[in-house]
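In the numbering used here, the protein residues as written are 5 to 514.
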Amino acid sequence: MAKPVSYDSKEYWQTRFEKENTFEWLLDYSSMKDVFEKYLSKASKIINLGCGNSNIPFGWYENGYGPSLNVDYCENVIEKMKSKTREKYPNPTNPELIPSWDTIDVLNMDNIESSTFDFIFEKSTSDAIACSDENGEQLSKLEREVYRICKNGGTWVSVSYSSSRWNDVPNISTRWIMETIPIACKQNETEVHNPNGFVISRPVQYQYYDKAVPSKKMVPSNDQINYFNNFGFLIVENFLERKEIDMLYEEGNNITNFCLEQGDLVTEWGCVIEPFGSGYLSGLGDIPKDIKTNREKYFNTRKLAGNEKIEAILDKYYTFSKALVPNPSSPVLFNEQYIVKPPNSKAEFSWHQDRLYLKNYDGYNIPIISCWTPLQDMNTKNGSLIIKPYKSIDRNDDYSSIGIMESIPSYVSHHGNASNDQEQNIFDSKEIKKLDLYSKRKNDSRSDFLLDICSGSVAFMSGWVLHSSSFNNSGKYRFCYMPQFSCSPVYKKKKENEIENNLVAYAIGV
5 MAKPVSYDSK EYWQTRFEKE NTFEWLLDYS SMKDVFEKYL SKASKIINLG
55 CGNSNIPFGW YENGYGPSLN VDYCENVIEK MKSKTREKYP NPTNPELIPS
105 WDTIDVLNMD NIESSTFDFI FEKSTSDAIA CSDENGEQLS KLEREVYRIC
155 KNGGTWVSVS YSSSRWNDVP NISTRWIMET IPIACKQNET EVHNPNGFVI
205 SRPVQYQYYD KAVPSKKMVP SNDQINYFNN FGFLIVENFL ERKEIDMLYE
255 EGNNITNFCL EQGDLVTEWG CVIEPFGSGY LSGLGDIPKD IKTNREKYFN
305 TRKLAGNEKI EAILDKYYTF SKALVPNPSS PVLFNEQYIV KPPNSKAEFS
355 WHQDRLYLKN YDGYNIPIIS CWTPLQDMNT KNGSLIIKPY KSIDRNDDYS
405 SIGIMESIPS YVSHHGNASN DQEQNIFDSK EIKKLDLYSK RKNDSRSDFL
455 LDICSGSVAF MSGWVLHSSS FNNSGKYRFC YMPQFSCSPV YKKKKENEIE
505 NNLVAYAIGV
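#1: Leaving aside the five residues before and after Lys480 along the sequence, list all residues of the same chain whose C-beta is less than 7 Å from its C-beta, in chain order.
#2: In three-state DSSP terms, what is Gln266?
#3: Look at the alpha carbon of Asn350 and the alpha carbon of Cys154, and state the distance between them as a whole number of angstroms.
#4: Do you know how far the Cα of Leu31 is from the Cα of Val173?
#5: Which full runs of the beta strand (DSSP E) of 3+ residues lie inside the segment 211 to 294, going along the chain?
#6: If you compare alpha carbons, which of Asp214, Leu238 and Val344 is closest to Asn261?
#7: Quick check: what's the CA-CA separation for Ser48 versus Ala132?
#8: For His419, I'd like the list of residues in its chain whose CB is within less than 6 Å of its CB, leaving aside the five on either flank, ordered along the chain.
#9: What ranges does the beta strand (DSSP E) occupy inside the segment 49 to 116, keeping only unbroken runs of at least 3 residues that lie completely in it?
#10: Nearest-angstrom Cα distance between Asp366 and Asn95?
#11: CA-CA distance, Gly310 and Tyr510?
#12: With DSSP as the reference, identify every bridge partner of Leu389, one or two as the case may be.
#13: Kindly list the residues whose CB is nearer than 7 Å to the CB of Cys3, restricted to its own chain and excluding five residues on each side of it in sequence; keep chain order.
#14: Can you give me the Cβ contacts of Glu384 inside the same chain, cut-off strictly under 6 Å, excluding the 5 residues immediately before and after it?
#15: Take Tyr93 as the anchor and find which of Thr107, Ile124 and Pro61 has the nearest alpha-carbon.
#16: So, helix, strand or coil for Asp122, using DSSP?
#17: Which same chain residues end up closer than 7 Å to Gly70 when comparing Cβ atoms and leaving out the 5 residues on each side of it in sequence?
#18: Using beta carbons (cut-off 8 Å, strictly below), is Ile390 in contact with chain B?
#19: Are there three or more Cβ pairs, one per stretch, closer than 8 Å when the segment 298 to 310 is compared with the segment 455 to 462?
#20: Please work out which residues of its chain come closer than 7 Å, Cβ to Cβ, to Val276, disregarding the five sequence neighbours upstream and downstream, and give them in chain order.
#21: For Tyr481, which three-state DSSP category applies?
#22: Run the CB neighbour count on Thr107, radius 10 Å, all protein chains shown included, and call it buried at 16 or more, exposed below.
#23: By Cβ distance below 6 Å, which residues in the same chain neighbour Tyr302 in space, the five residues on each side in sequence not counted?
#24: Starting from the C-beta of Thr129, find all residues in its chain whose C-beta is less than 6 Å away, skip the five residues before and the five after it, and write them out in chain order.
#25: Would you identify the three-state DSSP class for Gln18, choosing helix, strand or coil?
#26: Starting from the Cα of Asn424, find the closest Cα among Gly236, Thr297 and Leu146 and give me that residue.
#27: So what does DSSP say about Ile408, is it helix, strand or coil?
#28: Count the other CB atoms within 10 Å of the CB of Asn230; is the residue buried (16 or more) or exposed (fewer)?
#29: Which of the three DSSP states is assigned to Leu31 in this structure?
#30: Just how far apart, CA to CA, sit Glu248 and Lys320?
#31: Could you check the C-alpha separation between Ile82 and Leu269 for me, to the nearest Å?
#32: Out of curiosity, what's the CA-to-CA distance linking Pro554 and Asp452?
#33: Of the choices Val329, Asn386 and Thr377, whose alpha-carbon is the least far from that of Tyr415?
#34: Which residues bound the beta strand (DSSP E) around Thr184?
#35: According to the neighbour-count rule (16 or more other Cβ atoms, all chains shown, within 10 Å of its Cβ), is Asn115 buried or exposed?
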């Protein structure tokens, strides 16, 4: 009895590509021509995921589309396609459109910058991945990478045997506007030839493609990344939608009420309450042992608090934060907390850097992004955030993140040096004055800025930037939500065993 084909095995594909010159899975260029004409322009930047030895990239080139980057995790097929391209087009008329090829695993494209491509194409790569993906984790990983590298307003086309290939990916509808469209196979592909020479027609069969565009994708521009590295923080207005703000506010209010039953919010909790650390979730169900590293268990437990969209909300923060740190790195969810100040409270947070909370651990220099999010409009009256931006090493108008973003060590070196001298008055810069989001505090000898900011906006802060917050002089509780992401898991001490117990907080691959 023949063994089933291991379509999910790299070894299978490498062996096959050694013997095979070209093979078109599902549909060829002529079958997809109308699709390409509909969604491609001559200026589109294209990536083809799991390209194999398909000739479709040559069809793009010959029809004036490109350039296309074609990637596969099998080195041998990439080398073959490079050679084939040189042989096919020894003197190309449009060399700038010639297909390029690279060995990349589509489940981990950290060396590709976020928001790079106008058109993302994948033909049956998802089918192969799904062969051994019992819990859907690998397809989810592929979808999140596609979302990250797709430009706002870009298009993703996924061709599959299945009309429901992406239906079970968690929260996919919150990130994409997706439509599944059937394409009839050519008649000669639906005919059966019997040994007597008769052609027997069978019902017309269909392949399917999913066309998707990102729904209000939030990723930083290059200017925003430069600003973040220049000053140590970045404000994004209206990052959350109203329904997301309301969900977080309701959850924060419920956890706060629970904590108030246990003790004083200021003296017992220090105004910082965590969904897990508060004990709130423990009363709603069992907490799995590997909750600190298992994404599925983490979010299944988190949803017990009633916020069914928490996974999608954190994916949104993750996508933005990931673009603020160097590639390649795979940030993880480090912590979540609500920062709640009672009405008419004298509770305040003195000047501090978030990284100092890690000073006793081996992970001290691992970059952290804190995402401070007011769930009500914030100003001087209710104890808003105050930030002391860096005195940057280089304050040129054409300041660039080149170099800083090349590696974690260069990023750490820059942010460490830039945060060393924050006492000098550096706020005469035209760049910071033009941001009407900030209002300078009056009668204050320090050079700092108080955020006068609407609910659902986010202050993305480097772990090195100094910040504080003032009293809540209003008559209402003041709620903020702050997830934090680290560039890698943060351990107390480097050990090979007992990973769960050795983590400072969490390491959830969002």
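All C-beta atoms, glycine included, are put in the ideal place defined by N, C-alpha and C.
In brief:
#1: Pro347
#2: helix
#3: The sequence shown places Lys at residue 350, rather than the Asn named in the question. Using only the alpha carbons, I get a separation of about 46 Å.
#4: 24 Å
#5: 237 to 240
#6: Val344
#7: 27 Å
#8: Ser466 and Trp468
#9: 50 to 53, 72 to 76 and 104 to 107
#10: 55 Å
#11: 21 Å
#12: Ser473
#13: In this structure the chain extends from 5 to 514, so residue 3 is not present and cannot be described.
#14: This sequence places Thr at residue 384; Glu is not what is there. Excluding positions up to five away in sequence, the list reads Leu454.
#15: Pro61
#16: strand
#17: Ile50, Trp64, Leu101 and Pro103
#18: This model lacks chain B altogether, as it is built from one protein chain only.
#19: no
#20: Gln341 and Ile343
#21: coil
#22: exposed
#23: Ile295 and Ile512
#24: Leu53 and Gly54
#25: helix
#26: Gly236
#27: helix
#28: buried
#29: coil
#30: 11 Å
#31: 59 Å
#32: Because the chain in this structure spans residues 5 to 514, residue 554 falls outside the shown range and cannot be described.
#33: Val329
#34: Trp180 to Ala188
#35: exposed
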